[in-house]
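One structure below.
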Amino acid sequence: MDGIKQIFGKELARIFRDKKMIFSTFILPVVLMVGLMTLVGNLAQGMMKDLEDHEPVVYMMDAPASFTSFLEMSEITYKEKVITDEAQLKKAKAEIKSGKADLIVEFPVDFEKAVADYQVGDNLPQVKTYYNPSEEYSGVAYDQISNQALEGYRQALLADRVGDVSTLTVFTVNSDNDEAIIQDEEKASGKAAGMMLPYFITLLLFAGAMSIGTDMVAGEKERGTMASLLVSPLKRSSIALGKVFALMVISGISALIYVVTMVFFMPNFTGAAGGDMGSAIKLSLSPGQIGMLVALMITLSFLYASLIVFVSVFAKSVKEASSYVMPAYILILVLGMMTMFTTKAPGMESFMIPVYNNTLAIQGVLSSTITMPQFLLTLGETIVIGAVFQFLIVKAFNSEKLMSA
Amino acid sequence: MVAIEASNLSKVYDTGKEALKNLDFSLHQGEVFGFLGPNGAGKTTTIKLLTGLLTPSTGKSQILGVDPSAEPAKLHGFCGIMTEHAQMYNLLSGYENLLFYGEVFGLEKEMAKARALQLLERLELTDAMYQKLGTYSTGMRQRLSLARALLHSPQMLFLDEPTSGLDPESIWRVNDLIKEMAKDEGITVFLCTHQLRYAQEVCSTYGLIAEGELLAKGNLRELRALTMDALTLELKAENIPLTENSHLEKVAENRYEMKISEVEEIPAIVQRLARNGTSIYEVRALEQSLEDIYFALIKRKGEGHDHL
Ligand SMILES: Nc1ncnc2c1ncn2[C@@H]1O[C@H](COP(=O)(O)OP(=O)(O)OP(=O)(O)O)[C@@H](O)[C@H]1O
Ligand SMILES: [Mg+2]
Numbered sequence: 001m002d003g004i005k006q007i008f009g010k011e012l013a014r015i016f017r018d019k020k021m022i023f024s025t026f027i028l029p030v031v032l033m034v035g036l037m038t039l040v041g042n043l044a045q046g047m048m049k050d051l052e053d054h055e056p057v058v059y060m061m062d063a064p065a066s067f068t069s070f071l072e073m074s075e076i077t078y079k080e081k082v083i084t085d086e087a088q089l090k091k092a093k094a095e096i097k098s099g100k101a102d103l104i105v106e107f108p109v110d111f112e113k114a115v116a117d118y119q120v121g122d123n124l125p126q127v128k129t130y131y132n133p134s135e136e137y138s139g140v141a142y143d144q145i146s147n148q149a150l151e152g153y154r155q156a157l158l159a160d161r162v163g164d165v166s167t168l169t170v171f172t173v174n175s176d177n178d179e180a181i182i183q184d185e186e187k188a189s190g191k192a193a194g195m196m197l198p199y200f201i202t203l204l205l206f207a208g209a210m211s212i213g214t215d216m217v218a219g220e221k222e223r224g225t226m227a228s229l230l231v232s233p234l235k236r237s238s239i240a241l242g243k244v245f246a247l248m249v250i251s252g253i254s255a256l257i258y259v260v261t262m263v264f265f266m267p268n269f270t271g272a273a274g275g276d277m278g279s280a281i282k283l284s285l286s287p288g289q290i291g292m293l294v295a296l297m298i299t300l301s302f303l304y305a306s307l308i309v310f311v312s313v314f315a316k317s318v319k320e321a322s323s324y325v326m327p328a329y330i331l332i333l334v335l336g337m338m339t340m341f342t343t344k345a346p347g348m349e350s351f352m353i354p355v356y357n358n359t360l361a362i363q364g365v366l367s368s369t370i371t372m373p374q375f376l377l378t379l380g381e382t383i384v385i386g387a388v389f390q391f392l393i394v395k396a397f398n399s400e401k402l403m404s405a
Numbered sequence: 001m002v003a004i005e006a007s008n009l010s011k012v013y014d015t016g017k018e019a020l021k022n023l024d025f026s027l028h029q030g031e032v033f034g035f036l037g038p039n040g041a042g043k044t045t046t047i048k049l050l051t052g053l054l055t056p057s058t059g060k061s062q063i064l065g066v067d068p069s070a071e072p073a074k075l076h077g078f079c080g081i082m083t084e085h086a087q088m089y090n091l092l093s094g095y096e097n098l099l100f101y102g103e104v105f106g107l108e109k110e111m112a113k114a115r116a117l118q119l120l121e122r123l124e125l126t127d128a129m130y131q132k133l134g135t136y137s138t139g140m141r142q143r144l145s146l147a148r149a150l151l152h153s154p155q156m157l158f159l160d161e162p163t164s165g166l167d168p169e170s171i172w173r174v175n176d177l178i179k180e181m182a183k184d185e186g187i188t189v190f191l192c193t194h195q196l197r198y199a200q201e202v203c204s205t206y207g208l209i210a211e212g213e214l215l216a217k218g219n220l221r222e223l224r225a226l227t228m229d230a231l232t233l234e235l236k237a238e239n240i241p242l243t244e245n246s247h248l249e250k251v252a253e254n255r256y257e258m259k260i261s262e263v264e265e266i267p268a269i270v271q272r273l274a275r276n277g278t279s280i281y282e283v284r285a286l287e288q289s290l291e292d293i294y295f296a297l298i299k300r301k302g303e304g305h306d307h308l
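Residue numbers (our numbering), protein chains in the order written: chain X, 1 to 405; chain B, 1 to 308.
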């Protein structure tokens, strides 16, 4: 084990004595992550606000005065455009299709008279509305005016006709129930944040380890400095392990920085990724959760470090090494993406797929859904695979074909 | 005492290239051995085999009793090795580089500092010691690499082209250092080089290799004996009838040369020329230089006389 310390120390010094390195390794990715999550959050909130603020453009055809004043009373704001004939209706429909207008409300001619003169057995007057479900504004306008306002208007007219509406109502749904939405707020917000964050983190961890790790091995070969190490009395296994440990510590530190960032910035992210309409849900990580996250990320760093160093041994230059690592990177990208789209709770078998299980586990910890066996399986498997790579790295370092001075 | 012992050492690369064929030789402690041969002869391959960087296809070797392929790390503890492409860290200064390697070689911090300063001084790098290696010239890098190889005061030195890229003054200084170490500290030196003239200044024995085969080994005298024509006779003369003296070669106006084996041949040659009316102004007998021997032996190998 003698000699690991020297190599380890040298590799750490290379990063920590260089301000640019410290910035690009530890600070930049975190800034990027926070920036990205905040941006996504703001965009989502902005979109929501925009929808709420938008004044729908509504074409009214033969609308009775009582309806427009009803809308006014319900404080629904909209831009009214009055149309009178079929030709105008056709044009309005085209505008709905193109998204220029949001809703058409077409009343029958003499609607109020038809309602007032109603006799049992008459045809009921029909109000027609048109909207475009693929336009968000249109959808909102339809929901507000066609579903809610018209329904209210009908109730009002009905009351006029029969006096007491209650005799005509069998039951109501949630008319007086503020607690209709029941959810574990921690779980909900965690689940929301848990969608994107673990994905970003596993990716950023890998990307960071990739640039440093390929340089540590392939870069040293390329620059001829490995040759000088190979003629020293250090055991080759010491050189290899010194490097892997250094890389592991460096990406472990970035992992810790990610966890700390998560703990402090999570409240900002949750509204964002959750799309919870800005409900002031706060995610606070418990010490247990933090501990689990740290364990998961450290072992993941170990796996990444071993994988990247192993692949780099086969390359003669950083460029070559990067192209060898790229498939692994893409695989991790895809595996991470899969976790963003899994809807049903992952079973034990999902936790057997390496890397994928790590992202799942981080998600699981954030949303408090992970079970202890799942957590331990992930941890154990990651360590075992990392150790296998370590073994292979030491073998590769001893190969004269891969490591010639 | 025997420092290096190689028996039947061969190396066949994965490509099928037979880079070294049954090398047998031994070196005594304190010898400065010049390993000479054309490009691709197998010099670097030999150094790598002897230092445990490659494993031999057949045969084995021992360096001060240690088998390089079995215990490379142990070997590197008492061998200084300077290979062709080995570099140090561009982002560190020359001094920092030496301190790092001092640590790698297991020197105490103070010891490493003292040794580094001493070598920097000796190799005329003191002025540049705080400069980043990235700013060093080829020759400065080469000298720093030599300093690295000497840091741990090795008992054996393997140097692959240590003076390539150096200006004449630096070569002279490096040669001086090598000679001094061999003399004062009894260090054995295995030196690969193409610079035959400089080799002749520093080496005590030579090995000549071509196409993976050791053609000859010995000191200058022994090698001279191998090439039958041990001497070159130089003449400054006028009116030589070249038709009758075809073994004489005109090298310049009024200057001629011929190969002879012994000084005793000279009087007869001079008498014969004088009798034929030649005016002789100068006669010199030169011993064959390493370069002459090298070319003679390589030429002979080319002609297919494999066994000398
Ligand atoms: N890693 C390798 N794989 C395959 N062939 C090799 C390898 N290294 C060297 N060779 C071949 O082995 C032969 C001997 O090479 P070597 O480097 O030992 O020559 P050398 O005497 O050091 O030459 P130079 O004077 O040019 O440095 C050459 O033909 C070379 O092409
Ligand atoms: Mg060579």
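Note that CB positions come from ideal geometry on N, CA and C, so glycine has one too.
Report the option in the options whose CA atom is closest to the CA atom of residue i.
i	options	result
Ala255 of chain X	X:Leu205, X:Gln289, X:Val263 and X:Leu303	X:Leu205
Arg275 of chain B	B:Glu291, B:Ser61, B:Pro241 and B:Gly134	B:Pro241
Glu282 of chain B	B:Glu303, B:Lys299, B:Tyr256 and B:Val263	B:Tyr256
Val318 of chain X	X:Phe351, X:Ala218 and X:Leu300	X:Ala218
Ile385 of chain X	X:Gly46, X:Met403, X:Thr299 and X:Ser323	X:Thr299
Glu406 of chain X	B:Ser57, B:Leu27, B:Ile266 and B:Lys21	It is not possible to answer for residue 406 of chain X, since the shown part of chain X is limited to 1 through 405.
Ile277 of chain B	B:Ala285, B:Ile293 and B:Ala237	According to the sequence displayed, residue 277 of chain B carries Gly and not Ile. It is B:Ala237 whose Cα lies nearest to the Cα of Gly277 of chain B.
Met129 of chain B	B:Ala116, B:Ala19 and B:Asp67	B:Ala116
Arg197 of chain B	B:Ser164, B:Gly212, B:Ile187 and B:Glu222	B:Ser164
Ile293 of chain B	B:Thr46, B:Leu123, B:His28 and B:Gly37	B:Gly37
Phe265 of chain X	X:Leu285, X:Ser251 and X:Asn147	X:Leu285
Arg17 of chain X	B:Leu91, B:Glu180 and B:Gly212	B:Leu91
Met414 of chain X	X:Ser367, X:Phe26, X:Ile332 and X:Gly152	There is simply no residue 414 of chain X to check, as chain X begins at 1 and stops at 405 in what is shown.
Ala149 of chain B	B:Glu303, B:Leu99 and B:Val270	B:Leu99
Gln363 of chain X	X:Glu349, X:Lys344, X:Thr339 and X:Leu376	X:Thr339
Val394 of chain X	X:Glu220, X:Glu106 and X:Val244	X:Val244
Val355 of chain X	X:Val311, X:Lys128, X:Leu303 and X:Met262	X:Leu303
Met337 of chain X	X:Thr359, X:Ser166 and X:Lys10	X:Thr359
Leu293 of chain X	X:Val311, X:Tyr324, X:Tyr258 and X:Ala321	X:Tyr258
Leu230 of chain X	B:Val12, B:His85, B:Leu9 and B:Ala252	B:His85
Phe111 of chain X	X:Asp62, X:Ile96, X:Tyr142 and X:Phe70	X:Asp62
By the criterion of Cβ-Cβ separation under 8 Å, what are the contact partners of residue i in chain C?
i	result
Leu53 of chain B	Absent from the structure: chain C. Protein chains present are X and B.
Since residue i contacts residue j with CB under 8 Å, what's their CB separation in whole angstroms?
i	j	result
Ala210 of chain B	Leu226 of chain B	Not really, about 14 Å apart at Cβ, beyond 8 Å.
Met210 of chain X	Val309 of chain X	Actually they do not touch by this definition, with Cβ atoms about 11 Å apart.
Gln6 of chain X	Gly224 of chain X	Actually they do not touch by this definition, with Cβ atoms about 19 Å apart.
Met156 of chain B	Thr188 of chain B	5 Å
Leu248 of chain B	Ile280 of chain B	Going by Cβ atoms, the distance from Leu248 of chain B to Ile280 of chain B rounds to 12 Å, so no, they are not a contact pair.
Leu166 of chain B	Gln142 of chain B	6 Å
Gly139 of chain X	Tyr131 of chain X	7 Å
Thr232 of chain B	Leu151 of chain B	Rounded, the Cβ-Cβ distance is 43 Å, inconsistent with contact.
Leu331 of chain X	Phe389 of chain X	With 8 Å as the limit, Leu331 of chain X and Phe389 of chain X do not qualify as a contact, their Cβ atoms being about 15 Å apart.
Thr44 of chain B	Cys79 of chain B	Actually they are not in contact, since the Cβ atoms of Thr44 of chain B and Cys79 of chain B sit about 16 Å apart, beyond 8 Å.
Met82 of chain B	Ser145 of chain B	5 Å
Checking the sheet assignment: what are the DSSP bridge partners for residue i?
i	result
Lys259 of chain B	B:Thr232
Thr193 of chain B	B:Leu36
Gly218 of chain B	B:Tyr206
Met61 of chain X	X:Ile83 and X:Glu106
Val283 of chain B	B:Leu235
Output, in chain order, the set of chain X residues within a Cβ distance shorter than 7 Å of residue i.
i	result
Glu103 of chain B	Gln6
Phe100 of chain B	Lys10
Quick one: which chain B residues come within Cβ less than 8 Å of residue i?
i	result
Lys235 of chain X	Ala73
Could you name the residues of chain X that residue i contacts, counting a contact when the two beta carbons are closer than 8 Å?
i	result
Asp14 of chain B	Lys401
query = Taking Cβ-Cβ distances below 7 Å as the criterion, which residues of the segment 105 to 135 of chain B are in contact with chain X?
reply = Taking 7 Å as the cut-off between beta carbons, the residues of the segment 105 to 135 of chain B near chain X are Phe105 and Gly106, in sequence order.
message = So if I threshold CB-CB distances at 8 Å, which residues from the segment 218 to 229 of chain X count as touching chain B?
response = Those would be Arg223, Gly224, Thr225, Ala227, Ser228 and Leu229, in chain order.
Residues in the segment 63 to 91 of chain B having any Cβ partner in chain X nearer than 9 Å = Correct list: Pro72, Ala73, Lys74, Leu75, His76, Gly77, Phe78, Cys79, Gly80, Ile81, Met82, Thr83, Glu84, His85, Ala86, Gln87, Met88, Tyr89, Asn90 and Leu91.
key: Contact residues within the segment 143 to 168 of chain B, judged by C-beta distance below 9 Å to chain X   = Taking 9 Å as the Cβ-Cβ cut-off against chain X, the residues of the segment 143 to 168 of chain B that qualify are Ser145, Arg148, Ala149, His152 and Phe158.
query = Using a Cβ cut-off of 7 Å, which residues of the segment 5 to 19 of chain X contact any Cβ in chain B, in chain order?
reply = Residues passing the 7 Å Cβ filter: Gln6 and Lys10.
task = Pull out every residue of the segment 183 to 198 of chain B whose Cβ sits closer than 9 Å to any Cβ of chain X, in chain order.
result = So nothing in the stretch comes that close.
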